[in-house]
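In what follows, a single structure is set out as structure tokens and then discussed.
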Amino acid sequence: MAPVTTTTIYNRSLGLITTSNSYSASLNVGERDAWMFKGVTGAELIVRLTSSDLDVHLRVYNPAGTLIGDNDNTSGTNSYLKLVLCDTGTYTITADGTRKNSISTSTTDYTVSLEGGAATTTESLAAYFASTTCN
Numbered sequence: 000m001a002p003v004t005t006t007t008i009y010n011r012s013l014g015l016i017t018t019s020n021s022y023s024a025s026l027n028v029g030e031r032d033a034w035m036f037k038g039v040t041g042a043e044l045i046v047r048l049t050s051s052d053l054d055v056h057l058r059v060y061n062p063a064g065t066l067i068g069d070n071d072n073t074s075g076t077n078s079y080l081k082l083v084l085c086d087t088g089t090y091t092i093t094a095d096g097t098r099k100n101s102i103s104t105s106t107t108d109y110t111v112s113l114e115g116g117a118a119t120t121t122e123s124l125a126a127y128f129a130s131t132t133c134n
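Residue numbers (numbering that gives the first Met the number 0): 0 to 134.
Have a look at this one:
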């Protein structure tokens with residue numbers, strides 16, 4: 000029987016996050032941080048990564064570990080995704096990036112946040128998702 004191998008999609012897990020909150024961390028250049036959140040089928044979320052020094056790359060994985068969203072193209076250094084969740088379970092957000100300037104420090108600060116879900120459904124958010132199918 001062949002040994003089972005697994006692939007880790009991040010270097011450091013920073014815990015569980017909830018909607019309507021922002022969480023800050025320092026990211027080591029060349030590494031990828033992970034944050035988890037509990038999601039339910041049909042939930043509509045916006046995931047944001049912001050940084051003034053790092054061009055952050057945002058990825059979201061479903062409970063099975065499949066990549067369901069990827070963004071590095073928002074203008075400036077920030078990234079965001081809008082998602083409609085297809086599964087109930089624990090999702091993973093990963094953060095990594097490249098330096099926006101030539102400063103040679105090994106770490107930089109960033110913030111991750113979730114908007115939407117059961118905690119903060121508003122009319123404007125509902126309109127934003129009106130034509131979106133689940134990811």
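C-beta: ideal position from N, C-alpha, C; glycine also. Remember, predicted model here, so these are calculated numbers, not experimental data.
Taking C-beta atoms under 8 Å as the contact rule, S50 and T107 qualify, at a distance of about 6 Å. Where D54 is concerned, the enclosing beta strand (DSSP E) starts and stops at L53 to Y60.
Judged by beta-carbon spacing, G68 lies within the 9 Å limit of L82, meaning their Cβ atoms are closer than that value. By DSSP's assignment, E114 forms a beta bridge with I45.
Per DSSP, reduced to three states, the secondary structure at N70 is strand.
Shown here for D86: same chain residues with a beta carbon closer than 8 Å to its own, the five before and five after excluded, namely G38, T40, N61, P62 and A63 in chain order. C-alpha of L53 to C-alpha of Y109: approximately 8 Å in a straight line. Take the alpha-carbon of G115 and the one of L15: they are about 16 Å apart. For V39, the three-state secondary structure derived from DSSP is coil. Boundaries of the beta strand (DSSP E) harbouring L80: S78 to V83, taken from the DSSP string. Here N10 carries a coil assignment [DSSP, helix/strand/coil]. T97 sits close to V28, with the two beta carbons spaced by under 9 Å.
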